[in-house]
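Under my numbering, the first residue of the sequence shown is numbered 2, with each subsequent residue one higher.
The block underneath contains the structure these notes are about, expressed in structure tokens.
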Amino acid sequence: MKKYEYFEVTADIGLKAYGKNMEEAFENAGLAIFNIISDTSDIMSVREIEFELTSEDEVSLLYDYLEELLFYHEVEFMLFSEFHVKIDENLHLTAKIKGEEINWDKHERKTEIKAITFHKMKVEKTDGVKLQAIVDL
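And the structure:
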């Protein structure tokens, strides 16, 4: 099963992330986000950040999670390449994300993400989980 893929949206980038469960799909969505910004294969997992959040529904949880990833990227000036997510039945998410400080001499500079949008955001559960989101560039 592929982890994620991108789809075309005018002036933005859409992504679909896949997993056998919600946790794996959310982890792959994190990977997809940071592969838009840089090449995650060049990002070492030398620093860990943990965060928790709770949302009222699955789509809001996805939005909040992706927003939190961008927040730590911007505030801590970091790129992330490793994502560990736990989600309980009350839509409480615990995440451990690993990466390193941005060094544009070392890391490939791809595209800056300005924001996560709710536009066409989906969480679909069938034989696995498929997430869809659009990021504003």
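For every residue, glycine included, the Cβ atom is placed at its ideal position computed from N, Cα and C.
query, result
"Assigned secondary structure, residue 43 (DSSP; H/G/I helix, E/B strand, else coil)", "helix"
"Exposure label - residue 41; buried when at least 16 CB within 10 Å", "buried"
"Beta-ladder partner(s) of residue 18, from DSSP", "5, 132"
"Start-end ranges of the beta strand (DSSP E) lying completely within the region 20–89, minimum 3 residues", "48–55, 79–88"
"Local conformation of residue 11 per DSSP, three classes", "coil"
"Own chain partners of residue 99 with C-beta closer than 6 Å, once the 5 adjacent residues on each side are dropped", "46, 49, 83"
"8 Å Cβ cutoff met for residue 55 and residue 92", "yes"
"Buried versus exposed, by CB contacts within 10 Å (16 or more), residue 8", "exposed"
"Straight-line gap, residue 68 to residue 104 (C-alpha atoms, nearest Å)", "22 Å"
"Under 8 Å between C-beta atoms of residue 43 and residue 113", "no"
"Residues sharing a beta bridge with residue 107, DSSP", "Partner(s): none; residue 107 has no beta bridge."
"Closest residue to residue 34 among 20, 74, 60 (Cα-Cα distance)", "74"
"Buried versus exposed, by CB contacts within 10 Å (16 or more), residue 28", "buried"
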